[in-house]
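Chains as they are written, first to last, in the UniProt record's numbering: chain A, 1 to 107; chain L, 1 to 207; chain B, 1 to 349; chain U, 1 to 617.
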């Protein structure tokens, strides 16, 4: 186990692939930052009615989270069928929970 | 320990995190755990949404929240998500030192986030008298954001333990899945934060 | 072993017992002998769903019996291997579609009745009663009428009465099986339901949401009287003089003791809104003491001296000055003569 | 490691072995003993309830104590008896059925068990520490908030710890089934019990977090002064009901689906036929699980959510009857044309079909909202859920135990005693619960400590109590049977029932590595296929080689013990400062053990090839 830390010669083809992947990740990150800034600016400017702002904020959040899952967490790659099933199952249960607590709880 | 898991250019698989049966199990099992976490946070969000206006004559969301600090915290956490992606990039390239470096940066960003959160909570308590006990809104706010903060804290402890434990022995097929699973956890925390800044802070400001 | 025979015999026996029992059931308590609008609606659905479901059960049991008779392992079948059937599309479709149809038969009247019973459009023209659930008694405040009662709810027969229900502590549930299904009484939100009794009578009401040690003793009565009697009752109740002196000397002593012992800090006589304890305006007319005991002097003395022995966990225990048996007797004498009206539960019989 | 060998070892060695084991077969034994113990305890509580209700205005137990008993009966039976017993069967069978050497996370498997056990013990400590919880197993706020003493605190901490164990167990089975199936074992070749375990684990994964959050909120309100349910500070009691039932309704399916799998296996085996409509059965299971998440508010019909919500949830609830009906008819069709052997396992299954059908019938009846205004919170509902949970889950557990006992312990349960258990329990069950449908409609709400004289509820309650004693007798016979079998029971063959699935292709009980060589699966009912083709045994999918095995560990026990101590600390820090020692001490033990686990590499060990060769087949 001693001499493994210095060897950086991973198969060049694979290395190239990793690099391309990393460039995509960077683009993803840039988009996420842009979305975040849009969300904050929309709220800080306070020009729009909350009827419009809230759906916009939620859509921005969902898209951002999609990026996290599919790019940062590689849900798009193969071998992620079962993780995807479980995450979507979780989202399904989560939506029901939110609907229950948000809509049929009195306030 | 007859089977050596150490890595060299010949044995380096394209997905070291899933190369062993144990790694595959960890990978799959952890994803499933995240599915459960989704429901956990949904229940907390639901509670918050149901109670967000139950301020019992105490301060409201709009009065409390300031956007600047939240923006800083968001950028810190989003960036730390990217740095952990870099760490995984170097893991796949079998570059242990660079991986450790990026993980270190992730840790610094994570701690900065935590510091901001602690400052934020103290601010609310001392300036507004807004506590866990002052109203149902207070309870729901601290429970939701606090649970997320607790996850960050646990993640930090986990990351530090991982980095220290493996500092001297480099990457191998035994610890690669551990690093990978941590990065999944870290991204998930970021996902939760995206909804927190949207639903709690931004929507709290909008009303 | 004749397994299925034994099972069928057991079923018949149980069914028979059940039938005999259902035929009785305490009148004015059982949901199986409905005497009000809501209970009718529920009863119709109970019957409809039972019939549909018994049909399903019959089909299952017929197939089950045939299977057990025809396909039990017989002698000489030791090496017999049955055909390995994978499935049958037609059959499987049939037993998917038929249940869906049966469910639709149930679903349509269910939803109609649900919306019918939630109809609040007549509330503004009807009698409205504010119902408060407390551990372990019920309070009724007739809205806009200056009438407050506890434990016995008087309603006019054949009229929709709207109940606006809220709890003062934990969740309770208002249930008068013979005239209506139940609805929860929550602490943070008012629930509205209406009841309508077809016949005069004293109907048993129960708390149906677990609320503490005396949950099972939180009974109340709905007294349905004719419209004339109800008007008379309402008038008498409005005209009550809370300070009226009893004629009997012992009862007079009881009245002053009642003041002395601070009973009024929780209880009220007349239309005062005090609600920590039950309103005692028509106490002498109550159908039961504390909802469960006979209204006798002896029981009342026991209640006053040791309420815990009748309703464990009640809020009166320990919250009033020491009362001797003798004093309790006098107070009881006073309370029992509180009969401001001639309309009593007996009038509803 | 045969039974004979373990008998020769000392008691201490065996004890240590079980305390540290990560072998799914031994963990199955642990779950069986733990769950069995709590089942007996819950049964005693049930008897106390029935004795109290034997006659009107009885005072066998006081009102407050009665509420503790009924709360603990419900909580114990669901969380500490039914679930662990189901986990026992899953642990014993699933890895064998899918052809795996172990589960995906042996360490976590053991942790799951110890968390359950210590959670259960913590909950039951309340009996001796000032009184058990008394707010019902549903723990509705504000009653549970205002409940004096520490009873409800024990409920919160006990369930939180046990619930964590269940969640871990669920994830473990999911990962096991996804990653560890034998070569050729595609999803659509998995035996139905493995399928239902898979679906059940998904339900656990998505349902338990809601309970976790609910319990946290209750804990914060009771112990740390928060205001989630405090109406005065804007709190809302309905949140608890939603969270509880978002967990609670899937929980019902968690309790029944695995047993649907058991019945499918038993019916198929003893009818000598493959399961009729296997694909439909799998999809019906998935559909039930899917719909199971959308119906929770039918527990809240009387809450006053309004006619729209009530109608939607009523329809969704009725819809579940369709896949359930499909299952019933598929079972009947499996038996149709078969060659049915009736023994104990099959008797429980045959008893299940009419019983569960009645439970399903009343299920549709309570789904009808307006009718439910009468049924709700009355004895009708008590009857309904006992018909499904006893008639489904408990019958299923008994069927499974009779069916797999030989595989778990290497001995066959005594048939005569098995039949006696079934008949007394079956008759007692119907005596106890059938009549309760009518009691409910006659005006008896559930959770009543007593009922008044002259309300014509006496006879029904008496019949019910008599029935309960029949059930108790049946259970006692089963316990005697288990002990008798352990001492004198007939040794089991590897394949005593002429089985169809992989677990019957290996020894009874199996070697600790299960399969010497991974089997090659060529279709549904893998063993049956080989039998029909005259081979009678499975073709290995790999050459004989070293087998990698996990190491035993004492850490799961320590971690759970730490949480147990910390739980006590949380409960008592409200009154006493010394309790912080327990709290922090317990957490230190727990976190320290976790740290030890992550710092010390655990690569497991290998059983070398030549040792395997030396062992006789």
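Yeah, the Cβ is synthetic: ideal placement off N, Cα and C, and Gly gets one too.
Counting only Cβ-Cβ distances shorter than 9 angstroms, please list the residues of the region 30-48 of chain A near chain U, keeping chain order. none
Endpoints, alpha helix (DSSP H) assigned at residue 37(A): The residue you call residue 37(A) lines up with position 37 of the first chain. Where residue 37(A) is concerned, the enclosing alpha helix (DSSP H) stretches over 12-45.
Report the option in 150(B), 149(B), 135(B) whose CA atom is closest to the CA atom of residue 147(U). In the fourth chain, residue 147(U) corresponds to position 147, counting from 1. It is 135(B) whose Cα lies nearest to the Cα of residue 147(U).
Determine the closest residue to residue 263(U) out of 432(U), 207(U), 346(U), with distance taken between C-alpha atoms. In the fourth chain, residue 263(U) corresponds to position 263, counting from 1. Per the Cα distances, 346(U).
Quick check: what's the CA-CA separation for residue 587(U) versus residue 153(L)? Taking the first residue of the fourth chain as position 1, residue 587(U) is located at position 587. Taking the first residue of the second chain as position 1, residue 153(L) is located at position 153. Distance between the alpha carbons of residue 587(U) and residue 153(L): 16 angstroms.
Given that a residue counts as buried once 16 or more other Cβ atoms are within 10 Å of its Cβ, and exposed if not, what is residue 414(U)? For the purposes of this step, residue 414(U) is taken as residue 414 along the fourth chain, with counting starting at 1. Label assigned to residue 414(U): buried.
Would the region 237-250 of chain U count as touching the region 199-210 of chain U if we require 3 or more Cβ pairs under 8 angstroms? yes
Could you pull the start and end residues of the alpha helix (DSSP H) that residue 198(L) belongs to? Indexing the second chain from 1 puts residue 198(L) at position 198. Neither: residue 198(L) is in no alpha helix (DSSP H) and is coded neither H nor E.
Counting C-beta neighbours from all protein chains within 10 Å, is the total for residue 109(U) 16 or more, i.e. buried, or is it exposed? Here residue 109(U) corresponds to residue number 109 of the fourth chain, with the count starting at 1. By the neighbour-count rule (16 or more Cβ atoms within 10 Å), residue 109(U) is buried.
Just to check my reading of the structure: residue 96(L) and residue 171(L) have Cβ atoms closer than 8 angstroms, yes? What is that Cβ distance to the nearest angstrom? As a first step, residue 96(L) is located in the second chain; it is residue number 96 there, counting from the start. As a first step, residue 171(L) is located in the second chain; it is residue number 171 there, counting from the start. Yes, they are in contact, since the Cβ atoms of residue 96(L) and residue 171(L) sit about 5 angstroms apart, within 8 angstroms.
is_contact[residue 105(U), chain L] using C-beta, thresh 8 angstroms: In the fourth chain, the residue the question calls residue 105(U) occupies position 105. So yes, residue 105(U) belongs to the interface.
So, for residue 41(L): in the same chain, excluding its five sequence neighbours on each side, which residues have a beta-carbon less than 7 angstroms away from its beta-carbon? Along the second chain, one-based indexing puts residue 41(L) at 41. If we look at residue 41(L) and ignore the five residues flanking it on each side, its Cβ neighbours are 192.
Closer than 8 angstroms at the beta carbon, the chain E residues around residue 38(L): No chain E appears in the structure shown, which is made up of the protein chains A, L, B and U.
At which residues does the beta strand (DSSP E) containing residue 134(B) begin and terminate? The residue given as residue 134(B) occupies position 134 in the third chain. Taken as a continuous stretch (DSSP letters only), the beta strand (DSSP E) holding residue 134(B) covers 127-134.
Does the beta carbon of residue 259(B) sit closer than 8 angstroms to a beta carbon anywhere in chain U? For the purposes of this step, residue 259(B) is identified with residue 259 of the third chain, where counting begins at 1. It does not: the Cβ of residue 259(B) has no partner Cβ on chain U nearer than 8 angstroms.
The region 445-473 of chain U: positions lying closer than 9 angstroms to chain B by Cβ: 445, 446, 447, 448, 449, 450, 451, 452, 454, 455, 456, 457, 459, 460, 463
To the nearest angstrom, how far is the alpha carbon of residue 580(U) from that of residue 562(U)? Taking the first residue of the fourth chain as position 1, residue 580(U) is located at position 580. Taking the first residue of the fourth chain as position 1, residue 562(U) is located at position 562. Their Cα atoms are separated by approximately 13 angstroms.
Below 8 angstroms on the Cβ atoms is my guess for residue 368(U) versus residue 45(B); work out the distance and round it to an integer in Å. Counting from 1 along the fourth chain, the entry for residue 368(U) is found at position 368. Counting from 1 along the third chain, the entry for residue 45(B) is found at position 45. That belief holds up - the Cβ atoms of residue 368(U) and residue 45(B) are roughly 5 angstroms apart, short of 8 angstroms.
Completely contained alpha helix (DSSP H) runs for the region 356-433 of chain U, where each covers 4 or more residues: 369-375, 379-388, 395-409
Assigned secondary structure, residue 540(U) (DSSP; H/G/I helix, E/B strand, else coil): As a position in the fourth chain, residue 540(U) is number 540, starting the count at 1. Strand, per DSSP.
Residue 181(L) versus residue 309(U): straight-line alpha-carbon distance, rounded: Residue 181(L) sits at position 181 when you count from the first residue of the second chain. Residue 309(U) sits at position 309 when you count from the first residue of the fourth chain. Going from the Cα of residue 181(L) to the Cα of residue 309(U) covers about 41 angstroms.
Quick one, which of 515(U), 550(U), 564(U) has its alpha-carbon nearest residue 542(U)'s? Residue mapping note: residue 542(U) aligns to position 542 of the fourth chain, counting from 1. Nearest of 515(U), 550(U), 564(U) to residue 542(U), Cα basis: 515(U).
Straight-line gap, residue 4(A) to residue 168(L) (C-alpha atoms, nearest Å): Against the first chain, residue 4(A) aligns to sequence position 4. Against the second chain, residue 168(L) aligns to sequence position 168. Residue placement at residue 4(A) cannot be trusted, given a pLDDT of 46 that sits under 50; what the coordinates show is reported in the next sentence. Cα-Cα distance, rounded: 11 angstroms.
Check each candidate in 297(B), 151(B), 291(B) and name the one with the smallest Cα separation from residue 334(B). Within the third chain, numbered from 1, the residue matching residue 334(B) stands at position 334. Of the candidates 297(B), 151(B), 291(B), the one whose C-alpha sits nearest the C-alpha of residue 334(B) is 297(B).
Residues that residue 118(B) contacts on chain U, provided the C-beta gap is smaller than 7 angstroms: Against the third chain, residue 118(B) aligns to sequence position 118. The answer, in chain order, is 306, 307.
Going along chain U in order, which residues have a C-beta closer than 9 angstroms to the C-beta of residue 132(L)? For the purposes of this step, residue 132(L) is taken as residue 132 along the second chain, with counting starting at 1. In chain order: 220, 224, 225, 226, 227.
Taking a contact to mean a Cβ-Cβ separation below 8 angstroms, would you say residue 383(U) touches residue 436(U) in this structure? Working through the fourth chain from its first residue, we reach residue 383(U) at position 383. Working through the fourth chain from its first residue, we reach residue 436(U) at position 436. Yes, these two residues count as a Cβ contact at 8 angstroms.
Residues bridged to residue 491(U) (per DSSP): Along the fourth chain, read from residue 1 onward, the residue named residue 491(U) stands at position 491. Answer is 411(U), bridged to residue 491(U).
Three-state secondary structure (DSSP) at residue 116(B)? What you label residue 116(B) is simply residue 116 of the third chain in a count that begins at 1. It is helical.
Would you call residue 124(L) buried or exposed, if buried means 16 or more other Cβ atoms sit within 10 Å of its Cβ? Working through the second chain from its first residue, we reach residue 124(L) at position 124. By the 10 Å Cβ count, residue 124(L) comes out buried.
Meets three-Cβ-pair contact criterion under 8 angstroms: the region 45-59 of chain U and the region 89-106 of chain U: no
Using CA coordinates, which residue listed in 348(B), 71(B), 217(B) is at the minimum distance from residue 307(B)? Indexing the third chain from 1 puts residue 307(B) at position 307. Comparing Cα positions, the closest option is 217(B).
Between the C-alpha atoms of residue 6(A) and residue 176(L), what's the straight-line distance to the nearest angstrom? The sequence position of residue 6(A) within the first chain is 6, counting from 1. The sequence position of residue 176(L) within the second chain is 176, counting from 1. Residue placement at residue 6(A) cannot be trusted, given a pLDDT of 43 that sits under 50; what the coordinates show is reported in the next sentence. If you take the alpha carbons of residue 6(A) and residue 176(L), they lie about 16 angstroms apart.
Tell me whether residue 35(B) is buried or exposed, calling it buried when 16 or more other Cβ atoms sit within 10 Å of its Cβ. As a first step, residue 35(B) is located in the third chain; it is residue number 35 there, counting from the start. By the neighbour-count rule (16 or more Cβ atoms within 10 Å), residue 35(B) is buried.
At the level of alpha carbons, what is the spacing between residue 232(B) and residue 573(U)? In the third chain, the residue the question calls residue 232(B) occupies position 232. In the fourth chain, the residue the question calls residue 573(U) occupies position 573. The alpha-carbon atoms of residue 232(B) and residue 573(U) are separated by roughly 59 angstroms.
N- and C-terminal bounds of the beta strand (DSSP E) containing residue 547(U): Position 547 of the fourth chain, counting from 1, holds the residue named residue 547(U). Start and end: 547-549.
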